[in-house]
Amino acid sequence: MSKTILKSALGSPWALFLLLLASLYSAWSIAMIFSVNQRQQVVSNELKLIAQLNKLDQAMSELETWVRQNQQGTTDGSFEARWRQLSSNYRAQVDAFDWNHQSVHDIRASLMRLDSVITRMDRIRAPSPGSALGQAETKKLEAQFLRETNRALEEVDGTIQTARRHLTNHSLDLAANWGSLKVLAATSIIWAIFICGLLLTLKQVTERKRAEQALAAEKERLAVTLHSIGDGVITTDTEGKIVLVNKAAETLTGWAEQEALGNSLSEVYHVINEKTGRRCENAVERVLKTGRSVGLANHTILVAKDSTERIIADSGAPIHDKDGHTLGVVLVFRDITERRKLEQELLKTQKLESIGLLAGGIAHDFNNILAIILGNVSLAQVYVHPESEMFDILSEAEKACQRARELTQQLLTFSKGGVLMMEPTSITALIKDSVGFALRGSNVRCESSLPDDLWAVEVDEGQISRVIQNLMINAKQAMPGGGVIHVRAENVTVRAEQGLPLKDGNYVKIAVEDQGVGIPKEHLPKIFDPYFTTKQEGSGLGLATTYSIIKKHGGHIRVESTLGKGSTFTVYLPASEEEIALEKKTELKNLFGEGKILLMDDEEGIRKGVGRMLEQLGYKVHFAQDGVEAVKHYNRAKECGYPFDGVILDLTIPGGMGGKEAIKKLIEVDPHVRAIASSGYSNDAIMANFRQYGFRGFISKPYKIQELSQTLDQLIGEKNYLAMAGEIRVPSPTMPCRV
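So the mapping is simple: the numbering used here equals the position in the sequence shown, first residue as 1, plus 59.
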């Protein structure tokens with residue numbers, strides 16, 4: 060206990076003072092008890108001394124009485140016997156007396172005088188041999204002795220009475236003081252016990268206060284922690300009454316903590332199933348039923364006090380005390396609305412990639428077939444008068460091929476390996492051209508708000524034009540009775556805190572708003588899914604293509620819609636810091652030329668069709684089925700002195716050397732080879748960066764004779780210009796040969 064008290068005392072100045080006081084009281088109490096014991100021993104000794112005085116006084120009283128009775132002497136001879144008896148008794152009491160006590164010093168002096176008288180009397184009663192004293196003389200001496208003895212006895216008696224009174228008074232004082240000392244000692248002990256108890260109480264109070272302070276600090280830390288975390292936290296008792304709500308929970312539920320405290324959980328924490336809209340099971344009941352931590356309902360929507368809906372993930376756990384008794388339930392929940400959107404975005408992307416695998420597999424073959432059809436149709440138009448009925452028929456066939464090519468292009472957009480042909484573009488001009496084309500001949504008009512200071516965008520112009528056209532067509536179809544489409548664009552800077560799935564930076568924001576029928580809420584999550592459509596004539600690829608193109612550009616697209624009021628599609632495109640290159644567009648027409656062309660393609664129909672178009676344009680044509688054959692023909696022609704003026708290489712040759720490998724071999728033969736890349740897979744990386752691979756141009760299948768003539772004119776024309784400038788030496792034929 061002393062260690063505990065000392066430890067407590069060291070923690071407080073007041074406790075140290077009380078400990079010192081208790082120590083002093085304890086020491087004083089011990090001293091008092093020791094003093095009481097000593098005084099008690101003195102009183103005991105004095106009482107014994109008084110008893111001895113009483114016996115001595117009695118012996119002297121007997122002696123004194125006898126002396127007074129025999130002051131005249133005795134005649135019967137008994138004087139001597141009685142005297143000896145009394146004197147012997149007296150001397151025995153004197154010998155037994157305790158002469159060490161201070162109070163009997165005076166008595167001792169008187170007794171010594173009395174003793175001398177008695178001694179002389181003994182000598183008279185027992186004379187020495189030869190003594191001549193007679194009887195008369197003896198009696199005379201006895202009478203004198205008795206008188207002296209009487210005086211000595213009176214003196215001794217007075218001294219004894221004085222000593223007795225002194226001892227009696229002193230004993231009474233000691234007895235009285237002893238009682239007081241006992242009271243004081245008991246009081247000291249009681250005070251010492253009281254102070255020790257006070258110290259223990261102070262220790263308990265101090266420990267309790269420290270515990271309360273620690274509890275308050277822990278509670279404050281807990282409160283700060285709960286109010287700092289981003290997840291919502293609500294705790295309830297076993298009856299489902301709310302006892303704690305943190306800041307995040309206040310924000311998510313719309314209930315302030317003071318409003319929520321004491322209310323039932325179901326009133327504040329209003330959750331419904333995301334798919335059915337039905338109210339979810341009571342969280343407290345479920346946790347108490349299982350008695351363990353549980354993940355609560357999936358697809359949960361939290362309806363806030365202001366009716367705002369948020370998709371949440373939540374879990375609950377019982378709160379136990381140290382004995383395992385359940386005190387309540389704690390719920391933890393977080394807003395996963397944005398995460399769900401990102402998951403849906405990822406799911407859409409994965410769906411598009413799966414479509415891309417299919418599209419990439421069939422695009423080449425499909426475009427090869429279209430190349431044969433479109434090439435022959437465009438070639439047939441050359442032989443028909445433009446005003447004839449046959450020309451109209453061929454034109455319809457050409458339009459059908461163009462639509463098929465656009466459909467193929469949409470499928471290719473999903474291709475996983477496609478590369479965009481990015482360049483700085485004026486979004487204003489692109490929007491105007493695309494809107495005009497999409498609304499041509501319709502009963503819908505467009506009102507646009509396009510500021511002059513719109514930033515340029517880094518895009519594939521053809522694909523973004525397709526995006527705008529798809530959005531305009533979608534808006535037009537939403538207003539079958541006609542109406543107005545509003546197109547707005549503005550410069551924006553996106554930051555991470557805005558919650559958009561975009562990198563920080565500058566963007567051009569484009570909004571297309573219609574006044575149509577709107578999109579049902581249940582259809583909004585599927586609006587960008589491939590093949591999802593509510594239109595009988597729709598393919599379900601328009602918005603899916605739009606979504607894929609925007610994602611490949613590093614942008615973002617979203618939709619907002621209200622039934623009966625219309626929909627708004629918003630597109631974000633990354634802004635470009637480069638200047639827009641001004642380019643003069645030339646009207647497509649047949650440009651005739653001359654020269655020798657090597658055409659490599661694995662499809663016989665394409666070789667025949669393109670061969671006819673080349674011959675129609677004035678070129679001589681030689682054919683190769685794969686890269687090996689093309690390199691062989693090119694090398695032989697160069698050795699013979701009749702090199703090819705241009706080479707058209709198909710990039711994809713199943714089971715053989717394609718254009719990518721062939722161009723490397725041709726460059727080894729002739730560093731100045733002028734080759735054109737051709738492919739039915741227009742999103743091929745080589746098509747986007749053809750010059751890096753050694754090509755001088757590219758043309759996508761299917762193509763018309765006009766497009767072919769334009770490409771060859773640029774290729775052959777550039778070669779002729781360089782030859783005239785002396786940069787290319789045209790070799791002279793050394794020997795006749797046949798390629």
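Beta carbons are placed, not taken as given, at the ideal position from N, Cα and C, and that holds for glycine.
Worksheet entry | Given G558 as reference, the closest of K400, V728 and A696 once Cα atoms are compared | Mapped onto the sequence shown, residue 558 falls at position 499. When only C-alpha atoms are compared, the closest one is K400.
* Asked: Would you report the Cα separation of I665 and N748, rounded to the nearest angstrom?
  -> For the purposes of this step, residue 665 is identified with residue 606 of the sequence shown, where counting begins at 1. For the purposes of this step, residue 748 is identified with residue 689 of the sequence shown, where counting begins at 1. Approximately 24 Å, taken between the alpha carbons.
Look at the alpha carbon of A459 and the alpha carbon of E619, and state the distance between them as a whole number of angstroms.
As a working mapping, residue 459 is identified with position 400 in the sequence shown. As a working mapping, residue 619 is identified with position 560 in the sequence shown. About 34 Å.
**Asked** Which residues mark the beginning and the end of the beta strand (DSSP E) in which V296 is found?
**Response** On the sequence shown, position 237 is the one that residue 296 refers to. Here the sequence assigns Asp to residue 296, which means Val is not the residue at that position. From DSSP, the beta strand (DSSP E) with D296 extends over G291 to D296.
- Query: Between R337 and E368, what straight-line distance do the alpha-carbon atoms span, to the nearest angstrom?
  - Reply: Translated into positions along the sequence shown, residue 337 becomes position 278. Translated into positions along the sequence shown, residue 368 becomes position 309. R337 and E368: Cα-Cα distance of roughly 14 Å.
task = Just list the beta strand (DSSP E) runs in the segment 321 to 355, keeping only unbroken ones of 3 residues or longer that don't cross its boundaries, in chain order.
result = 329 to 332
Practice item. Determine the DSSP secondary structure at M659, reduced to helix, strand or coil. Key: Looking up residue 659 in the sequence shown gives position 600. The answer is strand: DSSP assigns M659 an E or B state.
Just mark M672 as buried or exposed, buried being the case when its beta carbon has 16 or more other beta carbons within 10 Å. Position 613 of the sequence shown holds residue 672. Buried, because 16 or more other Cβ atoms sit within 10 Å of the Cβ of M672.
Pop quiz: I608 and I523 are said to be a contact at Cβ under 8 Å. What is the actual Cβ separation, rounded to whole angstroms? Here residue 608 refers to the residue found at position 549 when the sequence shown is read from its first residue. Here residue 523 refers to the residue found at position 464 when the sequence shown is read from its first residue. Contact between I608 and I523 holds: CB atoms are separated by about 7 Å, below the 8 Å threshold.
In the DSSP assignment, find the beta strand (DSSP E) that holds A734 and state where it starts and stops. Position 675 of the sequence shown holds residue 734. Segment A734 to S738, the beta strand (DSSP E) holding A734.
>> Just verifying my parser: in three-state terms, what is the DSSP assignment at R554?
In response: In the sequence shown, residue 554 corresponds to position 495, counting from 1. DSSP places R554 in coil when its eight states are reduced to three.
* Distance, Cα to Cα, R695 vs E520? -> To locate residue 695, count along the sequence shown from 1; it is residue 636. To locate residue 520, count along the sequence shown from 1; it is residue 461. Going by the C-alpha atoms only, they are around 41 Å apart.
Q.
Rounding to the nearest angstrom, what Cα-Cα distance links A548 and Y701 in this structure?
A. Position 489 of the sequence shown holds residue 548. Position 642 of the sequence shown holds residue 701. Going from the Cα of A548 to the Cα of Y701 covers about 56 Å.
Checklist entry - For P584, does the three-state DSSP call read helix, strand or coil? => result Within the sequence shown, numbered from 1, the residue matching residue 584 stands at position 525. The answer is helix: DSSP assigns P584 an H, G or I state.
* At which residues does the beta strand (DSSP E) containing R755 begin and terminate? -> What you label residue 755 is simply residue 696 of the sequence shown in a count that begins at 1. Run containing R755: none; DSSP gives neither H nor E here.
| request: Might you give, ordered along the chain, the residues of its own chain that have their beta carbon closer than 7 Å to the beta carbon of G321, omitting 5 neighbours on each side? | output: Position 262 of the sequence shown, counted from the start, is the residue given in the question as residue 321. So the qualifying residues of the chain are K300 and I301.
With burial defined as no fewer than 16 other Cβ atoms inside 10 Å of the residue's Cβ, what is the status of G354: buried or exposed?
In the sequence shown, the residue the question calls residue 354 occupies position 295. When all chains shown are included, G354 counts as exposed.
- Taking G291 as the reference, which of V389, A515 and H545 has the closest Cα? As a working mapping, residue 291 is identified with position 232 in the sequence shown. If we check each option's Cα against that of G291, V389 comes out closest.
Close beta carbons around R398, own chain, < 7 Å, minus the five adjacent residues each side: In the sequence shown, the residue the question calls residue 398 occupies position 339. Counting only Cβ-Cβ distances below 7 Å, and skipping sequence neighbours, we find nothing.
Note to self: Is the separation between the beta-carbon of I735 and that of I764 shorter than 7 Å?
What the structure shows: The residue labelled residue 735 in the question sits at position 676 within the sequence shown. The residue labelled residue 764 in the question sits at position 705 within the sequence shown. Taking 7 Å as the Cβ cut-off, I735 and I764 do not qualify as a contacting pair.
Check: Between V680 and K724, is the Cβ-Cβ spacing less than 7 Å?
Finding: The count along the sequence shown starts at 1 and reaches residue 680 at position 621. The count along the sequence shown starts at 1 and reaches residue 724 at position 665. Not in contact: V680 and K724 (Cβ atoms no closer than 7 Å).
Candidates K381, V576 and A363, of which the one nearest G540 by Cα:
As a position in the sequence shown, residue 540 is number 481, starting the count at 1. When only C-alpha atoms are compared, the closest one is V576.
Q: Check whether the Cβ atoms of L658 and V567 lie closer than 7 Å to each other.
A: Looking up residue 658 in the sequence shown gives position 599. Looking up residue 567 in the sequence shown gives position 508. No, they are not a contact pair.
Nearest to L801 (by Cα), restricted to the options I726, S738 and V728:
The question about residue 801 has no answer here: the residues shown for the chain are numbered 60 through 798.
With H, G and I counted as helix, E and B as strand and the rest as coil, what does DSSP make of L79? The sequence position of residue 79 within the sequence shown is 20, counting from 1. Here L79 sits in helix by DSSP.
Please tell me whether H286 and N305 are closer than 7 Å, where the distance is taken between their beta carbons. For the purposes of this step, residue 286 is taken as residue 227 along the sequence shown, with counting starting at 1. For the purposes of this step, residue 305 is taken as residue 246 along the sequence shown, with counting starting at 1. It is a contact, given that the beta carbons lie within the stated cut-off.
May I have the straight-line CA-CA distance separating R269 from F253, to the nearest angstrom?
In the sequence shown, residue 269 corresponds to position 210, counting from 1. In the sequence shown, residue 253 corresponds to position 194, counting from 1. Between R269 and F253, the C-alpha separation is close to 24 Å.
| Nearest to I428 by alpha carbon, out of R554, D661, V630 and Y442? | Position 369 of the sequence shown, counted from the first residue, corresponds to residue 428. The option with the nearest alpha carbon to I428 is D661.
| said: Counting C-beta neighbours from all protein chains within 10 Å, is the total for Q595 16 or more, i.e. buried, or is it exposed? | reply: By 1-based counting over the sequence shown, the position of residue 595 is 536. Any reading at Q595 is ruled out, since the residue's pLDDT is 47, under 50, leaving its predicted position unreliable.
Cα-Cα separation between N565 and R462, rounded to whole angstroms: Here residue 565 corresponds to residue number 506 of the sequence shown, with the count starting at 1. Here residue 462 corresponds to residue number 403 of the sequence shown, with the count starting at 1. When rounded, the distance between both Cα atoms is 35 Å.
Item to complete: Leaving out five residues on either side along the sequence, give the residues of the same chain with a beta carbon under 6 Å from the beta carbon of G613.
Response: Position 554 of the sequence shown holds residue 613. The answer, listed in chain order, is P633.
*Let me know the secondary structure DSSP gives D563 once reduced to three states.*
Residue numbering aside, residue 563 sits at position 504 when the sequence shown is read from its first letter. Per DSSP, reduced to three states, the secondary structure at D563 is coil, with no helix or strand assignment.
- Message: If contacts are defined as beta-carbon pairs under 8 Å, then D588 and M538 qualify, I think. What distance do you get, rounded to the angstrom?
- Response: Position 529 of the sequence shown, counting from 1, holds the residue named residue 588. Position 479 of the sequence shown, counting from 1, holds the residue named residue 538. At roughly 23 Å, the Cβ-Cβ gap does not stay under 8 Å, so D588 and M538 are not in contact.
Output the distance between the C-alpha atoms of S447 and L583, rounded to the nearest integer angstrom.
The sequence position of residue 447 within the sequence shown is 388, counting from 1. The sequence position of residue 583 within the sequence shown is 524, counting from 1. One C-alpha to the other measures close to 49 Å.
| query | What's the C-alpha gap between G670 and T484? | reply | Reading the sequence shown from its first residue, position 611 is the one you call residue 670. Reading the sequence shown from its first residue, position 425 is the one you call residue 484. Whole-angstrom Cα-Cα distance: 36 Å.
Quiz item: Going straight from the alpha carbon of R755 to that of I486, what length do you get?
Solution: Translated into positions along the sequence shown, residue 755 becomes position 696. Translated into positions along the sequence shown, residue 486 becomes position 427. The alpha-carbon atoms of R755 and I486 are separated by roughly 28 Å.
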